[in-house]
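Numbering (the numbering used here), first residue to last: 1 to 168. What follows is a short report on a single structure.
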């Protein structure tokens, strides 16, 4: 009976682990931005808009999802993604720098589906993780800013690939 109980408990635990979601999709309040992230990134969701610098009081869609409150200011102890639209007719040639990281990868300039982008991967960040910065010209007068902090480059890349805009 003890062996059967232990075996049943083990099978139940394994089944529960198989059925537990491994990722989740989150959208901003307007439905303009969405991203699929690891299920563990469920401690901090901010889905309301933001006021970017030089926006003259205008609010734009934004989304912040992380594994802990204040994930973007932690010293590598938390993971997360920040997405935001901002007004601009000019695609920047550089992205925000991260001097707290040991290495800045090469700047990658790309053009996919007619959208110019600039991407840099920073490694050796606090906690041993990575930070990815990407800016995409999603329309003639709108940029999409993406920042991802993760423990592993593979996870950060998967989140980056799951960023979507809608209605633009």
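The beta carbon of each residue, even a glycine, is placed where N, CA and C say it ideally should be.
Coil, strand or helix - residue i by DSSP
i, result
"residue 27", "strand"
"residue 54", "coil"
"residue 137", "strand"
"residue 22", "coil"
"residue 166", "coil"
"residue 153", "helix"
"residue 40", "coil"
Unbroken beta strand (DSSP E) run spanning residue i, endpoints
i, result
"residue 142", "142 to 150"
Rounded Cβ spacing between residue i and residue j (contact assumed at less than 8 Å)
i, j, result
"residue 131", "residue 101", "6 Å"
"residue 98", "residue 122", "4 Å"
"residue 29", "residue 51", "Between residue 51 and residue 29 the Cβ distance is about 15 Å, and since that is not below 8 Å, they are no contact."
"residue 81", "residue 37", "6 Å"
"residue 35", "residue 63", "7 Å"
"residue 77", "residue 31", "Residue 77 to residue 31, Cβ: 31 Å. No contact."
"residue 69", "residue 43", "6 Å"
"residue 169", "residue 86", "Absent from the structure is residue 169, since the part of the chain shown begins at 1 and ends at 168."
"residue 103", "residue 124", "5 Å"
Residues sharing a beta bridge with residue i, DSSP
i, result
"residue 45", "65"
"residue 35", "26"
"residue 130", "123 and 150"
task = Let me know the beta strand (DSSP E) ranges lying completely inside the stretch 56 to 127, each 3 residues or longer, listed in chain order.
result = 62 to 66, 80 to 87, 108 to 112 and 115 to 123
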